[in-house]
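Below is one structure, written out as structure tokens; comments come after it.
Written as structure tokens, this is what we have:
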């Protein structure tokens with residue numbers, strides 16, 4: 015489907031994930047061990063035959079790992095001759111965080127958008143995890159005759175989760191009346207999945223109009239303003255949905271997937287999620303090792319106890335160690351007889367001298383990248 | 033970088049008939065090994081890691097799966113401007129018509145035109161069905177230091193096993209003076225590994241003559257090496273130390289997998305300085321359920337364990353359901369062991385389902401059971 019240009023946005027200035035984000039953008043966060051968050055939107059677009067994809071990259075947010083991970087895009091099944099996975103840098107010149115909006119990024123690269131030959135744009139977030147067939151969404155958008163179609167996910171825990179997300183206020187015909195922030199006062203909400211479908215021409219008009227109103231305006235704000243004059247409709251997303259807005263939501267989303275039924279809802283055989291392989295060998299569990307209710311990536315050596323965890327690639331869990339309710343990122347070592355509970359342990363960490371680090375899963379802790387404890 | 037110091041040719045045409053039903057539809061080099069690999073990943077990764085850019089893969093027996101697998105040179109990083117993996121199957125030639133490969137040497141002879149295109153100084157000839165890590169560049173340095181026409185990799189085998197191998201008899205400087213295929217009374221315990229480096233101009237001339245010889249079986253061991261010796265060509269042995277396994281039988285394939293559980297296993301697939309590359313599966317990390325028990329196991333992405341796994345190797349997309357037991361066994365890609373089934377000392381072939389409460393294999397059986405077809409269980 016060559017008729018749509020895929021655009022993946024940055025986390026903008028709204029999301030701050032304690033610890034993790036100091037080292038890489040949210041899009042580059044490790045997810046369920048072997049994936050990164052960006053794998054979901056890119057795979058969704060690629061599986062939808064959208065092969066011209068611009069990934070917006072905040073130049074100020076350590077983009078190294080993201081650039082390395084995306085590479086030429088070949089591992090996303092994108093034909094490198096016919097299609098293109100393009101890293102579009104933005105935000106380097108922002109003098110204040112308030113200017114770091116999606117609109118500012120689009121304006122910085124306006125010529126690229128204008129020159130793209132596609133009639134439609136499909137815009138997807140890099141901070142949310144879900145599977146979505148954008149081909150179907152685009153088809154239904156065209157068939158409906160709407161100006162803009164927005165994707166949302168219905169939740170019933172909006173009081174305690176998705177607090178930093180936008181919501182869609184809908185009328186009875188699934189027309190969008192406004193896009194408003196989730197204030198956490200009502201449990202049932204339509205969380206905006208931050209995916210948009212519209213004609214490229216309209217997209218360009220909206221960018222220009224947003225700029226005129228305010229240099230800090232976002233695409234969501236201008237679309238919300240336009241709900242009265244344009245035909246803005248909503249489409250419901252079905253299946254697993256997570257928004258990464260802080261450490262807790264990141265932690266919860268990873269551990270959600272240790273339930274295989276939930277994981278299978280996100281990873282469907284007909285809708286593969288691609289990632290970059292590191293060619294790590296399989297994982298070895300020794301006689302002393304024990305694993306329960308966990309997802310363990312390749313290249314690990316498990317000699318200790320792992321329970322309710324997501325373990326990244328090439329980690330070492332030594333004998334006597336107990337790792338419970340943790341998200342452990344790649345290349346980390348949990349030493350002999352160390353007890354770690356309720357933590358997000360970043361990459362290249364060695365915990366050997368501090369024998370006990372325990373937090374309640376309702377308030378997970380974070381262990382800094384490269385640290386020895 | 034221009035080709036080519038040394039070009040690699042992998043002999044991957046054999047069936048490996050002692051693997052029985054495992055190789056009914058796939059050639060031995062395409063057989064799965066070690067959780068996520070196929071046997072041919074080893075010579076191909078060794079080539080890539082040794083800086084060999086162009087590799088020909090000679091296939092013949094049931095080659096559809098093997099050809100499509102090996103043709104994706106990108107898996108081993110061999111898809112740059114000056115590199116590639118080329119599948120060479122027997123073809124109809126303008127002057128001779130169609131012919132199958134009549135022997136290992138003939139497979140190379142029939143592709144002289146391919147090799148000439150790259151004009152290499154040396155030719156590396158490998159077998160596609162052994163598990164080992166080797167730096168062929170080191171072997172080439174040795175070949176050049178010795179000024180040899182041919183260098184053959186050898187490994188020391190226990191004397192009592194020597195009669196099972198092709199044995200190289202050498203002088204004190206490791207010059208090969210005699211080659212004996214499966215000698216009853218071996219004079220040496222240096223067994224050929226089927227890995228040869230030839231100075232290409234010398235071999236080329238020999239192959240052209242061999243092709244025309246009606247009495248030749250066109251085999252490296254039977255014809256080419258003896259001819260080199262008869263002409264007093266310089267043949268040297270290069271001693272290899274390290275893990276090497278011919279996984280020619282179900283027992284040895286099982287054993288080679290089980291070796292991976294050994295803490296001291298010399299193959300050390302976790303060594304990141306010499307990675308073995310393979311096809312990438314789009315699969316979740318290995319999943320282990322709340323009631324599962326995993327003890328001494330090699331598990332990989334895409335495997336799902338809800339039952340009990342002990343001293344076993346699980347491949348991509350294998351499933352051990354709740355209440356099932358897998359002990360001292362190998363589950364090949366996609367193999368499923370359903371609720372309550374027990375698998376002991378068995379190798380369950382690709383995509384085979386062991387049904388509910390079925391029992392296969394036994395702890396006291398001497399041989400490893402190959403489970404090549406679905407096993408019916410309780411409905």
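Residue numbers (the numbering used here), protein chains in the order written: chain F, 15 to 387; chain Z, 33 to 411.
C-beta: ideal position from N, C-alpha, C; glycine also.
Check: What residue from F:198, F:161, F:166 has the CA that sits closest to residue 173 of chain F's CA?
Finding: F:198
Note to self: At a CB distance below 9 Å, what residues from the segment 349–373 of chain F approach chain Z? Give them in sequence order.
What the structure shows: none
Notebook entry, point to check: Alpha carbon to alpha carbon, what distance is there between residue 27 of chain F and residue 178 of chain F?
Noted result: 12 Å
Check: Does the beta carbon of residue 379 of chain Z fall short of 7 Å from some heavy atom of the ligand PLP?
Finding: Here there are no bound small molecules, and the ligand PLP is not part of this structure.
Check: If the cut is a Cβ gap below 8 Å, which residues of chain F does residue 366 of chain Z touch?
Finding: Residues of chain F passing the Cβ test: none, with the nearest at roughly 12 Å.
Margin query: Pull the bridge partners of residue 88 of chain Z from the DSSP assignment, please.
Written below: Z:41, Z:118
Item checked: Length at least 3, wholly inside the segment 255–333 of chain Z: the beta strand (DSSP E) runs in chain order -> 267–271, 276–278, 318–320, 325–331
Check: Quick one, are the C-beta atoms of residue 402 of chain Z and residue 162 of chain Z less than 8 Å apart?
Finding: no
Checklist line | CB of residue 143 of chain F within 8 Å of CB of residue 31 of chain F, strictly | finding: no
Notebook entry, point to check: Which two residues bound the contiguous beta strand (DSSP E) that contains residue 15 of chain Z?
Noted result: Look at the range of chain Z in this structure, 33 to 411, and you will see that residue 15 of chain Z is not part of it.
Item checked: Below-8 Å beta-carbon distance, residue 281 of chain F vs any chain Z residue -> yes
Check: Between the segment 107–119 of chain Z and chain F, which residues of the former have a C-beta closer than 8 Å to a C-beta of the latter?
Finding: none
Next item on the list: Say whether chain F places a C-beta atom closer than 8 Å to the C-beta of residue 361 of chain Z.
Entry: no
Margin query: Measuring straight from C-alpha to C-alpha, what distance separates residue 33 of chain Z and residue 377 of chain F?
Written below: Because the pLDDT at residue 33 of chain Z is just 40, under 50, the model does not fix this residue reliably, and the point stays unresolved.
Check: Of all the residues that make up the segment 43–70 of chain F, which are near chain Z by a beta-carbon distance shorter than 7 Å?
Finding: 46, 47, 48
Next item on the list: Mind checking the segment 281–297 of chain F against chain Z and listing, in chain order, the residues whose C-beta falls within less than 7 Å of any C-beta there?
Entry: 281, 286, 287, 288, 291, 293, 295, 296, 297
Next item on the list: Give the DSSP-derived three-state secondary structure of residue 136 of chain Z in the structure shown.
Entry: helix
Checklist line | Beta-carbon separation (whole angstroms), residue 39 of chain Z vs residue 86 of chain Z, contact threshold 8 Å | finding: 5 Å
Item checked: Distance between beta carbons of residue 337 of chain Z and residue 362 of chain Z, contact taken as under 8 Å -> At roughly 14 Å, the Cβ-Cβ gap does not stay under 8 Å, so residue 362 of chain Z and residue 337 of chain Z are not in contact.
Margin query: By the three-class DSSP mapping on this structure, what secondary structure does residue 101 of chain Z have?
Written below: helix
Check: Using Cβ-Cβ distances below 9 Å, what residues of the segment 316–340 of chain Z are close to chain F?
Finding: 316, 317, 318, 319, 320, 321, 322, 323, 324, 325, 326, 327, 328, 329, 330, 331, 332, 333, 335, 336, 337, 338
Notebook entry, point to check: Does the beta-carbon distance from residue 172 of chain Z to residue 154 of chain Z come in below 8 Å?
Noted result: yes
Check: Going straight from the alpha carbon of residue 150 of chain F to that of residue 270 of chain F, what length do you get?
Finding: 27 Å
Check: Which residues in chain Z sit within 7 Å of residue 25 of chain F, going by Cβ to Cβ distance?
Finding: Those do not exist, as residue 25 of chain F stays about 25 Å from chain Z at its closest Cβ, beyond 7 Å.
Notebook entry, point to check: Got a sec, what are the start and stop residues for the alpha helix (DSSP H) residue 275 of chain F sits in?
Noted result: 274–280
Check: Under the rule that 16 or more other beta-carbon atoms within 10 Å means buried, what is residue 63 of chain Z, buried or exposed?
Finding: buried
Check: For the segment 71–100 of chain F, which residues have a beta carbon sitting closer than 9 Å to at least one beta carbon of chain Z?
Finding: 88, 89
Margin query: Would residue 235 of chain F pass as an interface residue toward chain Z - the criterion being a Cβ-Cβ separation below 8 Å?
Written below: no
Notebook entry, point to check: By Cβ distance, which residues of its chain are closer than 6 Å to residue 388 of chain F, with the 5 residues on each side in sequence left out?
Noted result: The question about residue 388 of chain F has no answer, for chain F in this structure spans 15 to 387.
Item checked: For residue 326 of chain Z and residue 305 of chain F, believed in contact at Cβ under 8 Å, the rounded distance -> 5 Å
Notebook entry, point to check: Between the C-alpha atoms of residue 205 of chain F and residue 117 of chain F, what's the straight-line distance to the nearest angstrom?
Noted result: 21 Å
Margin query: Can you check whether the C-beta of residue 306 of chain F is within less than 8 Å of a C-beta belonging to chain Z?
Written below: yes
Note to self: Quick test of your reading: residue 73 of chain F and residue 106 of chain F, contact by CB under 8 Å. State the CB separation rounded to the nearest angstrom.
What the structure shows: 4 Å
Next item on the list: Determine the direct distance from the alpha carbon of residue 275 of chain F to that of residue 368 of chain Z, and round the result to whole angstroms.
Entry: 18 Å
Checklist line | Contacts that residue 301 of chain F makes with chain Z (C-beta to C-beta distance below 7 Å) | finding: 327, 328
Notebook entry, point to check: What residues are listed by DSSP as bridge partners for residue 198 of chain Z?
Noted result: Z:213
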